[in-house]
Each structure stands twice: as C-alpha cells, then as structure tokens.
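Undergrad:
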Amino acid sequence: MKFPQPQSLQQISKLINAEFVGEPDFEILGINEIHVVEHGDIVFVDHPKYYDKALESKASVVLINKKVDCPEGKALLISEDPFTDFNKITAHFSPFKGSSQALSNSAKIGANTIIQPNVFIGNHVKIGDNCIIHSNVCIYDGVEIGNNVQIHAGVVLGADAFYYKNRPTHHDKLLSGGSIKIENNVELGALCTIDKGVSGVTTIGEGTKLDNQVQVGHDTIIGKKCLIASQTGIAGCVVVEDEVTIWGQVGIASGLTIGKKAIILAQSGISKNLKPNTTYFGTPADDIKKKYRELGYISRIPEIIQKLKNL
650 MKFPQPQSLQ QISKLINAEF VGEPDFEILG INEIHVVEHG DIVFVDHPKY YDKALESKAS
710 VVLINKKVDC PEGKALLISE DPFTDFNKIT AHFSPFKGSS QALSNSAKIG ANTIIQPNVF
770 IGNHVKIGDN CIIHSNVCIY DGVEIGNNVQ IHAGVVLGAD AFYYKNRPTH HDKLLSGGSI
830 KIENNVELGA LCTIDKGVSG VTTIGEGTKL DNQVQVGHDT IIGKKCLIAS QTGIAGCVVV
890 EDEVTIWGQV GIASGLTIGK KAIILAQSGI SKNLKPNTTY FGTPADDIKK KYRELGYISR
950 IPEIIQKLKN L
C-alpha cells in the first residue's frame, strides 16, 4: 500500500508514537507485508524468529518491538506492539469510507459495460469496456477490473483478509489496506469471493476462468489462462502460475507456489509447492502416478493381513 504522498520517518513516528532510529526526514513511500515489500516501504515484525528476515528484506523501514542494530541504508521504528501500530498506519492512510448509493460517483465505468440491477460499486472502482456485471455483485472500494470481464451473480470483490493475531483475550484483526486487480477477459462464476490484499494487490490474470463458489485469499496472484473449478479454496499469499488447472473442492494452504501448467485433480489438499507441468492428486497431494501406486498398495492391506493370519 503506497501513501498518497511520501512521508518522513519523523511524521510516521509521531503518528504511532514510536521512537525512531535514522534521519528524521528519511523518506517513506508506503507499507507492505514481508512477501511483497519494496524499497521505500515499512514492514513490521514482532517475533525474534523473523527479525533477520525483516531486517534483510527490501524494506527501507522496519517497525520492530526491540532495539537492534540498524542495517545500513535503512531506518527503524521501535514499538511495543508493531501489529497494532501497523494497523494505525493502515487506518490513517486507508480509512473506511461509507457509501449512501449503489454506484459511487467516483467509480469509472467503461464503454458498453452492462451493470445489472442490485449491483453495489464502491469508491474509486475502475471497470473497463465491454464488461457484464450481473445482479447482486458487490465490488468494494478501489477494485480495478479490465476489459471484456464477466462477473456472475453474487460475487464479492474486495472483502477483508482473514488475518488475525491470537491475543490472550481475543483475536486481533490485521486491517486490509490493499486492493484487487481483475485483468482482461476474466470470467468469475456465481458466488465467488476474492479478498483484497492486506497491503498488496490480489490479482486474477488475463483469460483466467473461475467456476462458481471459488474463494481466493488476500494477496494471492493467479496467473493467465487458469481454470479453477467450483468450491476450490485458495488461501492468502499463494502464487498460481499461468495455465494451471484446478478441479473442484481443492484446498491450497497459504504462501505456496503452484507451477505453470500444473493440474490438480478434485478434492486434493495442497500443503507444499507444486512443480510445473505435473498432475497432482490426494491429500497431501502428490504426483498422480505415485499417489495411484500408494492407493493400490493400500487396497491390498486386507489381503496381506489375512495371509499373515493364515500362517
């Protein structure tokens, strides 16, 4: 998430009431999570296990809960609770803005695009040319949709990330300040739900087709010409490369990469990165030939047990 204009280290430190290490006028351009952080960004870290990863990342500023040596060329913000202070920054630069009408005045709709009744389109949404948006679609603020996109009834674009910190008394929500980009020639089936990024952009690549009731988590990037069948659930921060086929009721854990032209058969559970140009099946999913051999061996277990009893 980029700020509307650059901020100084001192300005951000005053906003969250945190001590800083670095020059007061050190320039900050935005905030991001560790997997999408860029030069000029703030990244937060609140566990010693991840200190080195944050300090060695592309981030220019590290929001951290312990005084450490500041890497050359970077700055630090020292906070008792980086998670809460990261939320303060998000809330300040990307506050929720209510709407009193179904189609925001700030939304931009392209030529020959059809908006069916009972559609909600939020602030600063951009929709390209020759799109069809069917009834009861809800498009949150800041979503960007390309040309020749068809979105079927009941789709929700831009709901918050499912991201919580477990506190002793409650689950503390990490605020979502990111957005969604739907590229050209995409089709989204009825009742699909695509969450916006926490700080980045959840992306559906050009020519990709989603069946009904597909869930896509925050900051996930789906490549071009993918086919994803009904009731698939994709967690946050997943990368699905181009021309991947995912059949029904597949579940994919967070932070994984699915290689180009991989095929995942129905009801598989994905818990590790998958190689390109390979077909997978099962839970945990594995190469289909290996998985079928395993199932063949398992089917013989009763026969083997009976033979052992007869010895």
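Position one of the sequence shown corresponds to residue 650 (the numbering used here), numbered consecutively onward. Note that beta-carbon positions come from the ideal geometry of N, C-alpha and C, so glycine has one too.
#1: According to DSSP, is residue 734 helix, strand or coil?
#2: Specify whether the region 878 to 891 and the region 854 to 870 touch according to this definition: at least 3 beta carbon pairs, one from each stretch, less than 8 Å apart.
#3: Tell me the rounded alpha-carbon separation between residue 691 and residue 947.
#4: Considering Cα atoms alone, identify which of 840, 833 and 839 is closest to residue 852.
#5: Specify, as a first and last residue, the run of the alpha helix (DSSP H) that residue 797 falls within.
#6: Expressed to the nearest angstrom, what Euclidean distance is found between the alpha-carbon atoms of residue 714 and residue 784?
#7: Going along the chain, which residues of its own chain have a beta-carbon closer than 6 Å to the beta-carbon of residue 906, five neighbours each way excluded?
#8: Spell out the partners DSSP gives residue 714 in its beta bridges.
#9: Based on the DSSP output, what are the partners of residue 930 in its beta bridges?
#10: Could you say which of 651, 652, 750 and 670 lies nearest to residue 658 if we only look at CA atoms?
#11: Less than 6 Å between C-beta atoms, sequence neighbours within five positions excluded: which residues of the same chain meet that for residue 942?
#12: Give the secondary structure of residue 699 by DSSP, where H, G and I count as helix, E and B as strand, and everything else as coil.
#13: Is it buried or exposed for residue 652, if we count other Cβ within 10 angstroms and need 16 for buried?
#14: Compare the Cα-Cα distances from residue 938 to each of 746, 864 and 914 and report the closest residue.
#15: Indicate the three-state DSSP secondary structure (helix, strand or coil) for residue 741 in the structure shown.
#16: Using the three-state DSSP reduction, which class does residue 946 fall into: helix, strand or coil?
#17: Measure the alpha-carbon distance for residue 791 versus residue 874 and round it to whole angstroms.
#18: How do the region 695 to 711 and the region 774 to 784 stand: do at least 3 beta-carbon pairs fall below 8 Å, yes or no?
#19: According to DSSP, residue 656 sits in a beta bridge with which residue or residues?
TA: Concretely, from the data shown:
#1: Locating residue 734 in the sequence shown gives position 85, where the first residue counts as 1. The answer is helix: DSSP assigns residue 734 an H, G or I state.
#2: yes
#3: Taking the sequence shown and counting its residues from 1, one reaches residue 691 at position 42. Taking the sequence shown and counting its residues from 1, one reaches residue 947 at position 298. Computed Cα separation, rounded: 51 Å.
#4: Locating residue 852 in the sequence shown gives position 203, where the first residue counts as 1. The shortest C-alpha separation from residue 852 is found at 833.
#5: Position 148 of the sequence shown, counted from the first residue, corresponds to residue 797. From DSSP, residue 797 is part of no alpha helix (DSSP H); its letter is neither H nor E.
#6: Mapped onto the sequence shown, residue 714 falls at position 65. Mapped onto the sequence shown, residue 784 falls at position 135. Going from the Cα of residue 714 to the Cα of residue 784 covers about 47 Å.
#7: For the purposes of this step, residue 906 is taken as the residue at position 257 of the sequence shown. Contacts found: 888 and 922.
#8: Indexing the sequence shown from 1 puts residue 714 at position 65. Bridge partners of residue 714: none, in fact.
#9: Sequence index remark: in the sequence shown, residue 930 carries index 281 (1-based). 935.
#10: Taking the first residue of the sequence shown as position 1, residue 658 is located at position 9. The shortest Cα separation from residue 658 among 651, 652, 750 and 670 belongs to 670.
#11: Along the sequence shown, read from residue 1 onward, the residue named residue 942 stands at position 293. Hits under 6 Å: none found.
#12: Walking along the sequence shown from the start, residue 699 turns up at place 50. Helix at residue 699.
#13: Locating residue 652 in the sequence shown gives position 3, where the first residue counts as 1. By the 10 Å Cβ count, residue 652 comes out buried.
#14: Mapped onto the sequence shown, residue 938 falls at position 289. Comparing Cα-Cα distances from residue 938 to each of 746, 864 and 914, the minimum goes to 914.
#15: Your numbering for residue 741 matches position 92 in the sequence shown. The answer is helix: DSSP assigns residue 741 an H, G or I state.
#16: If you number the sequence shown from 1, residue 946 lands on position 297. DSSP places residue 946 in helix when its eight states are reduced to three.
#17: As a position in the sequence shown, residue 791 is number 142, starting the count at 1. As a position in the sequence shown, residue 874 is number 225, starting the count at 1. So the two alpha carbons sit approximately 24 Å from each other.
#18: no
#19: Residue 656 sits at position 7 when you count from the first residue of the sequence shown. DSSP lists 677 as partners of residue 656.
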